[in-house]
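Here the structure comes first, spelled out in structure tokens, and everything after it is commentary.
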Amino acid sequence: MCVHLSMCVCVCVDRNVFLLMREVFSITWEEISVMDERNTPMRTYQVCNVMEANQNNWLRTRHISREGAQRVYIEIKFTLRDCNSLPGVPGTCKETFNMYYYESNNANLWFIKESQYVKIDTIAADESFTQVDVGDRVMKLNTEVRDISNLSKKGFYLAFQDLGACIALVSVRVFYKKCPLTVLNLAQFPDTITGGDTALVEVHGMCVNASEEFEAPKMYCSADGGWLVPIGRCVCKPGFEENKDVCQPCRPGTYKASATDAYCTKCPPHSSSPQEQAVECVCEKSFYRAETDPRSMACTRPPSAPENPISTVNETCVTLEWSPPRDTGGRGDITYSLHCRKCSGDGRKCTPCGSSVHFVPRQFGLSSATVLVTDLQPDSNYSFTIESQNGVSDLSPTPRGTVVINVTTSQTVSVVLKERRSKDSVTLAWQGPERPNGAIVEYEVIYYEKNQREQNYTVLKTRSNMMTVDGLKPGTTYVFRVRARTDGGYGSYGGEIELETSHEGKGMNDKYLFFAYNNCAFLFRHCGYIKAKQDPDEEKMQFQHGRVKLPGSRTYIHPHTYEDPNQAVRDFAKEIDASNIRIERVIGAGEFGEVCSGRLRVQGKREIYVAIKSLKAGYSDKQRRDFLSEASIMGQFDHPNIIRLEGVVTRCKPVMIITEFMENGSLDTFLKKHDGQFTVIQLVGMLRGIASGMKYLSDMSYVHRDLAARNILVNSNLVCKVSDFGLSRVLEDDPEAAYTTRGGKIPIRWTAPEAIAYRKFTSASDVWSYGIVMWEVISYGERPYWEMSNQDVIKAIDEGYRLPAPMDCPVVLHQLMLDCWEKGRSDRPKFGQIVTILDKLIRNPASLRELANSSVWSVGYKLNAVNSTLSLTRACSLEMIGLDYRI
1 MCVHLSMCVC
11 VCVDRNVFLL
21 MREVFSITWE
31 EISVMDERNT
41 PMRTYQVCNV
51 MEANQNNWLR
61 TRHISREGAQ
71 RVYIEIKFTL
81 RDCNSLPGVP
91 GTCKETFNMY
101 YYESNNANLW
111 FIKESQYVKI
121 DTIAADESFT
131 QVDVGDRVMK
141 LNTEVRDISN
151 LSKKGFYLAF
161 QDLGACIALV
171 SVRVFYKKCP
181 LTVLNLAQFP
191 DTITGGDTAL
201 VEVHGMCVNA
211 SEEFEAPKMY
221 CSADGGWLVP
231 IGRCVCKPGF
241 EENKDVCQPC
251 RPGTYKASAT
261 DAYCTKCPPH
271 SSSPQEQAVE
281 CVCEKSFYRA
291 ETDPRSMACT
301 RPPSAPENPI
311 STVNETCVTL
321 EWSPPRDTGG
331 RGDITYSLHC
341 RKCSGDGRKC
351 TPCGSSVHFV
361 PRQFGLSSAT
371 VLVTDLQPDS
381 NYSFTIESQN
391 GVSDLSPTPR
401 GTVVINVTTS
411 QTVSVVLKER
421 RSKDSVTLAW
431 QGPERPNGAI
441 VEYEVIYYEK
451 NQREQNYTVL
461 KTRSNMMTVD
471 GLKPGTTYVF
481 RVRARTDGGY
491 GSYGGEIELE
501 TSHEGKGMND
511 KYLFFAYNNC
521 AFLFRHCGYI
531 KAKQDPDEEK
541 MQFQHGRVKL
551 PGSRTYIHPH
561 TYEDPNQAVR
571 DFAKEIDASN
581 IRIERVIGAG
591 EFGEVCSGRL
601 RVQGKREIYV
611 AIKSLKAGYS
621 DKQRRDFLSE
631 ASIMGQFDHP
641 NIIRLEGVVT
651 RCKPVMIITE
661 FMENGSLDTF
671 LKKHDGQFTV
681 IQLVGMLRGI
691 ASGMKYLSDM
701 SYVHRDLAAR
711 NILVNSNLVC
721 KVSDFGLSRV
731 LEDDPEAAYT
741 TRGGKIPIRW
751 TAPEAIAYRK
761 FTSASDVWSY
771 GIVMWEVISY
781 GERPYWEMSN
791 QDVIKAIDEG
801 YRLPAPMDCP
811 VVLHQLMLDC
821 WEKGRSDRPK
831 FGQIVTILDK
841 LIRNPASLRE
851 LANSSVWSVG
861 YKLNAVNSTL
871 SLTRACSLEM
881 IGLDYRI
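At position 33 of the sequence shown the residue is numbered 33 (UniProt numbering), and the sequence of numbers has no breaks.
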């Protein structure tokens, strides 16, 4: 864009200077008025003193203000006569003239010395005219443009010098260039004068009304008056949206919460915006929006009360279960809290339970609809209030949805016991408790040989108050205990009675004696497996999530059995659009690339936290196939104790596997961080979850091969989930078949002997690994076998050495570890049996009170450091032995 510096006349002459020059040089430019082609009067200045030598004729403009321009352009239009067309002209005739300028802050200079002027250029005509042209009125008009750069004073004077030419100066136009006012990306850039020479002028834009900077807007004004290189932008403020370079307010019924949102959107359900310019929509009455809820989320309300509460009493413990509320309030973040009160016999007076009662996993903020309450008092009445809440419960003035369940802990059986003995049987009779907690469903009798209770015990059940126990050894003392089960759950075991069967040849022996059961739970070691006589139909059922599951299960399909491995991914993993994933931070590194945490936006649902495994760049086809095979494996599993696959991203790069996010990370690191901070019941609950997940895998004919605490993940509710299926293998249809590898690294400290020696992996070898995991959990992440080398571990295991009980380890748990470490695969328990054992321990916390002595081992070894090698000396006794090997 060009701007004229002189708008009135083409050339302005200082008359005083003009006269002064005539006096000095006696040769002048003459001012002549002529008519242009439109018959408009036009002034010109001309000089044609070609007949006289030594011409020096000057014409000067008045002061021209530069108006901030550093570079000014001068356009001159003129005619010039050819010297050859003038007869008799001396050789001093010129066909050029000179143009000068002089910078000055003074606008009223009367005289400027010739030496003070700065020459701009010598101007020559492209075309000159002759006498013939004058006669025909054909004047050859020339146009020349010159510029002056780096001006710094207020203004300048222009001067034209004739040294003997025949010239007519028709017009002089003085101007500068500027970049015009413009609006781009909601930023206004003002008129900007170009810089000197070819420099670019950086210009910062101002955000238009109702907008704010997102990134500082700027552009560059070029020397020719054009805008270049737009950077940054403004965005409309909350409550406004962009429309043709302006921000206009949101209409009623719409809103815009963030400046980064492009447009106003319709109010979400249960909210409205009656006025313009809304930054959020106001919730309807009885609906709320939590502070952490996005403004785009519908307004929600507190949930209704939990439904269908049930209780199962087990001595002084009670398991409470309930169904989720019918009305969730439109949210998915339902949690539960419990309030406990102990009540008098008539129920009229209740007081808070206090800190002596414990809740597993916790009392407040439960995400699952079940809780175990321990350390209650026997034969007592309790009232539990179960409260459901969500993210907006604290915002509502109305009472929260609650349901109350009343529980009475059980009495022990207090009876006069009749016993009848023979050489191989004992007949027992008893009376039930005086005030049972509901109708008695059955009685449970446990017995074991007096000196063998650490090895095995038997559980029998009957609906009668009399039982004959057969198959006993003659002349052997047995210990018997009885408890009742009502609709409300199991009662407490009373005291114990010792009875001896008759010796060979002796007859029946009837005997009556008084035996009183007390209210204290019996502490005993469980070092074997329950051999209960069960209903045949019960043996056909398994329990999952507290509900009976009928037989029939899926079988795992290995992705390598697919001719096209990509088809396995399509069959078992959901494809996720990468635009629905937001990566937030790196939390680790895996074999194939980084592991990050982030959020996954699911259609119609709230964002969920996820873990994101990405395949690093430059991968081969094999690496991509191996990377996605883990997703093909995980996608076949659906169990609360197996890490859940959300989906995969395969249609763009990077390739990603998306799983649920486990807030507390790996189990080994989590336990080390919280050393000694959990109760034994909580640790057993973790072990029970791991065993349940492994039972599920085993039922699907699936072998993990790398079961260790480092491959167990823990969420915020202390739920443990099996993960890392990179080394997993499948069993053949034959239940005794084993998968044989072709080498590869094996985690020696966690691997069964047969897997180390022969590379044979089965569910039984997973059971061995599970025993090591038990040891890790009870020892809070201690390294198995401490600093022993792998070769020393292999040798020790082969010679019968087993890890001792960790500190404060219950006897029953260490015995279960030892059972998992049986040398023969068939002698190890199945995962289903392990789950059953742990369930019984959880229902009967008293059984966990007797602690093992870590110095006493069923098969012990004395470790001696001899010649820098570790030798093992067998010590086949239960005596206490010294431990020379320092840990």
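Beta carbons are placed, not taken as given, at the ideal position from N, Cα and C, and that holds for glycine.
Remark: C-beta atoms of A124 and T96 approach each other more closely than 7 Å. Boundaries around K342 are those of the beta strand (DSSP E), T335 to C343, since no alpha helix (DSSP H) includes it. Given a length threshold of 4 residues, the segment 305-391 has no whole run of the alpha helix (DSSP H) inside it.
In the three-state reduction of the DSSP assignment, H204 falls in the strand class, which pools E and B.
The C-alpha of E315 is placed about 21 Å away from the C-alpha of T351. Per DSSP, the unbroken beta strand (DSSP E) holding D121 starts and ends at V118 to A124. The segment 354-361 and the segment 247-261 do not touch, with fewer than 3 CB-CB distances between them shorter than 8 Å. Separation of T501 and E449 (C-alpha to C-alpha, rounded to the nearest whole angstrom) is 11 Å.
Between the alpha carbons of F156 and A223 lies a gap of roughly 21 Å. For E30, the closest alpha carbon among the candidates E103, N98 and I167 is that of I167.
For Y770, the uninterrupted alpha helix (DSSP H) segment begins and ends at S763 to I778.
Distance from L181 to C247 at the Cβ level is roughly 18 Å; contact not present, criterion being Cβ atoms closer than 8 Å. M99 and E242 have their alpha carbons spaced roughly 53 Å apart.
Taking C-beta separations shorter than 7 Å and ignoring five residues to either side along the sequence, the partners of Y288 in its chain run C299, T300, R301, V392, L395 and S396, following chain order. Residue pairing by DSSP places W227 opposite C221 in a beta bridge. Counting only runs of 3+ residues, the beta strand (DSSP E) found wholly inside the segment 561-648 occupies 581-589, 594-600 and 608-614, in chain order.
Counting the other CB atoms within 10 Å of its CB gives Y263 a total below 16, which places it among the exposed residues.
K177 counts as buried, since at least 16 other C-beta atoms from the protein chains shown sit within 10 angstroms of its C-beta. Counting along the chain, T92 sits inside no beta strand (DSSP E), nor does DSSP assign it H or E at all. The continuous alpha helix (DSSP H) containing Y758 extends over residues P753 to Y758. For the pair S115 and C236, the Cα-to-Cα distance works out to about 59 Å.
The Cβ-Cβ distance between S789 and Y556 does not fall below 7 Å.
Relative to T462, the option among R485, L472 and F480 whose CA is nearest is R485. In this structure, C353 places its C-beta atom within 7 Å of the C-beta atom of C340.
Beta bridge pairing from DSSP links V34 with M42. Between the segment 769-782 and the segment 704-721 there are three or more inter-stretch CB-CB distances shorter than 8 Å, so the stretches are counted as touching. Annotation for R146: the continuous beta strand (DSSP E) segment containing it runs N142 to I148. Per DSSP, L813 lies in no beta strand (DSSP E); the unbroken alpha helix (DSSP H) holding it starts and ends at V811 to C820. Rounded to whole angstroms, I587 and L713 show a C-alpha spacing of 14 Å.
Using a Cβ distance threshold of 7 Å, G593 and R582 do not count as a contacting pair.
Setting aside the 5 residues that flank it on each side, V602 is surrounded in the same chain by N580 and I608, each with a C-beta closer than 8 Å to its C-beta; the list follows chain order. The beta carbon of N381 is closer than 6 Å to those of C343 and T408 in its chain, skipping five residues each way along the sequence. The three-state reading of DSSP puts M686 in helix, counting H, G and I together. Going by beta carbons, V479 and V445 fall outside the 7 Å limit. By the Cβ criterion, the segment 845-854 is in contact with the segment 808-815, since at least three pairs of Cβ atoms, one from each stretch, lie closer than 8 Å. Setting aside the 5 residues that flank it on each side, S323 is surrounded in the same chain by P306, E307, N308 and A369, each with a C-beta closer than 7 Å to its C-beta; the list follows chain order.
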